[in-house]
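Asker: Chains as they are written, first to last, in the working numbering: chain V, 1 to 117; chain Y, 118 to 234.
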Amino acid sequence: NAGVTQTPKFRILKIGQSMTLQCAQDMNHNYMYWYRQDPGMGLKLIYYSVGAGITDKGEVPNGYNVSRSTTEDFPLRLELAAPSQTSVYFCASSEAGQGFPMSYEQYFGPGTRLTVT
Amino acid sequence: GENVEQHPSTLSVQEGDSAVIKCTYSDSASNYFPWYKQELGKGPQLIIDIRSNVGEKKDQRIAVTLNKTAKHFSLHITETQPEDSAVYFCAASKANAGGTSYGKLTFGQGTILTVHP
């Protein structure tokens, strides 16, 4: 069981370039999430998905796009990269909630460190 | 939306001492409160969580307490060890019976815990 995998681990982009951050999970989780982590700021939710074909915006979606064609994969697309998108990006997945109030254990990937210059 | 404040931002203790990290939340409808530990170069990992229908939960050396009236919750680590050194994040979620929160978490800013041997 590889859990949640992310590629690449590091990337440097020039302003205006585009790229796709890859995320895959092998736990058959329906829920998947993308976060960004800025120094001293905690994690902010960018987009999330509750199943194949279903995605929705999180707290900071501007400048990003996602798709979910399969249960396993949840890529994050950056169009026209800007310095403000320099951050560490984490993908996570979870099962549907358990109990009430519902609890959700999110499993995180190792992250992608992106620098836009 | 929900806002989660976490204190302190850094905490330094001697091995064997106790460590306490506190979080406050703004949305009284939040009812699920997990704590994540992030080691250097890795993604966060769930260490303990608490639901709003419980006031305290323990798991070996770690415990979490919740005060719904004051809207704050705390992580307590006893008999700290050097391997407890990491960044700790609290989070809050409104997980309702319909499951419409989909596990969306609002994170605190993080606490860097250093345990000196």
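Virtual Cβ for every residue (Gly too), placed ideally from N, Cα, C.
Predicted model only: the values in this text are computed from it and were never measured.
Check whether chain V comes within 9 Å of Ile-130 (chain Y), counting only Cβ atoms and requiring the distance to be less than that.
Answerer: Position 13 of the second sequence, counted from the start, is the residue given in the question as residue 130 (chain Y). In the sequence under discussion, the amino acid at residue 130 (chain Y) is Val, which differs from the Ile named in the question. Taking Cβ atoms only, chain V never reaches closer than 9 Å to Val-130 (chain Y), which makes this a no.
Asker: Hey, is the stretch 126-135 of chain Y in contact with the stretch 21-34 of chain V, meaning 3+ C-beta pairs nearer than 8 Å?
Answerer: In short, these stretches do not touch, since the Cβ pair count stays below three.
Asker: Spell out whether any CB of chain Y is found under 9 Å from the CB atom of Glu-79 (chain V).
Answerer: Here residue 79 (chain V) refers to the residue found at position 79 when the first sequence is read from its first residue. So no, Glu-79 (chain V) is outside the interface.
Asker: State the start and end residues of the unbroken beta strand (DSSP E) segment that holds Tyr-219 (chain Y).
Answerer: On the second sequence, residue 219 (chain Y) is found 102 positions in, with the first residue counted as 1. Unbroken run through Tyr-219 (chain Y): none, as it is neither H nor E.
Asker: Could you check if Gly-53 (chain V) is buried or exposed, using at least 16 other CB atoms within 10 Å of its CB as the buried criterion?
Answerer: Translated into positions along the first sequence, residue 53 (chain V) becomes position 53. That one is exposed.
Asker: For Lys-44 (chain V), write down the residues that DSSP places opposite it in a beta bridge.
Answerer: For the purposes of this step, residue 44 (chain V) is taken as residue 44 along the first sequence, with counting starting at 1. Answer by DSSP bridge pairing, in chain order: V:Arg-36.
Asker: Along chain Y, which residues have their Cβ under 7 Å away from the Cβ of Val-50 (chain V)?
Answerer: Position 50 of the first sequence, counting from 1, holds the residue named residue 50 (chain V). Within chain Y, the residues near Val-50 (chain V) are Tyr-219.
Asker: At 8 Å on the CB atoms, spell out the chain Y contacts of Ser-103 (chain V), in chain order.
Answerer: Numbered from its first residue, the first sequence carries residue 103 (chain V) at position 103. Going along chain Y in sequence order, the residues near Ser-103 (chain V) (Cβ under 8 Å) are Tyr-149, Pro-151, Asp-166, Arg-168, Ala-212.
Asker: Check whether the stretch 37-55 of chain V and the stretch 74-92 of chain V touch, using three or more Cβ-Cβ pairs below 8 Å as the test.
Answerer: Touching, yes.
Asker: Within 8 Å, do at least three Cβ pairs link the stretch 190-199 of chain Y to the stretch 6-20 of chain V?
Answerer: Counting Cβ pairs under 8 Å, fewer than three are found: no touch.
Asker: Within 10 angstroms of its Cβ, does Ala-24 (chain V) collect 16 or more other Cβ (buried), or is it exposed?
Answerer: Stepping through the first sequence from its first residue, residue 24 (chain V) is reached at position 24. Result: buried.
Asker: Measure from the C-beta of Pro-125 (chain Y) to each C-beta in chain V and report whether the shortest distance is under 9 Å.
Answerer: Within the second sequence, the letter at position 8 stands for residue 125 (chain Y). Pro-125 (chain Y) does not count as touching chain V.
Asker: In whole angstroms, give me the CA-to-CA distance for Lys-188 (chain Y) and Ile-15 (chain V).
Answerer: Within the second sequence, the letter at position 71 stands for residue 188 (chain Y). Within the first sequence, the letter at position 15 stands for residue 15 (chain V). Straight-line Cα distance between these residues: approximately 42 Å.
Asker: Three-state secondary structure (DSSP) at Glu-199 (chain Y)?
Answerer: If you number the second sequence from 1, residue 199 (chain Y) lands on position 82. Looking at the sequence provided, one finds Pro at residue 199 (chain Y) rather than Glu. Correct three-state label for Pro-199 (chain Y): helix.
Asker: Interface residues of chain V around Lys-159 (chain Y) at Cβ under 7 Å?
Answerer: The count along the second sequence starts at 1 and reaches residue 159 (chain Y) at position 42. Within chain V, the residues near Lys-159 (chain Y) are Pro-110.
Asker: Hey, which unbroken runs of the alpha helix (DSSP H) at 4 residues or more fall wholly within the stretch 64-106 of chain V?
Answerer: Complete alpha helix (DSSP H) runs here, min 4: none at all.
Asker: Can you pull the chain V residues whose beta carbon is under 9 Å from the beta carbon of Glu-162 (chain Y), in chain order?
Answerer: Against the second sequence, residue 162 (chain Y) aligns to sequence position 45. Per the sequence shown, the amino acid found at residue 162 (chain Y) is Gln instead of Glu. Under the 9 Å cutoff, chain V gives Tyr-107, Phe-108.
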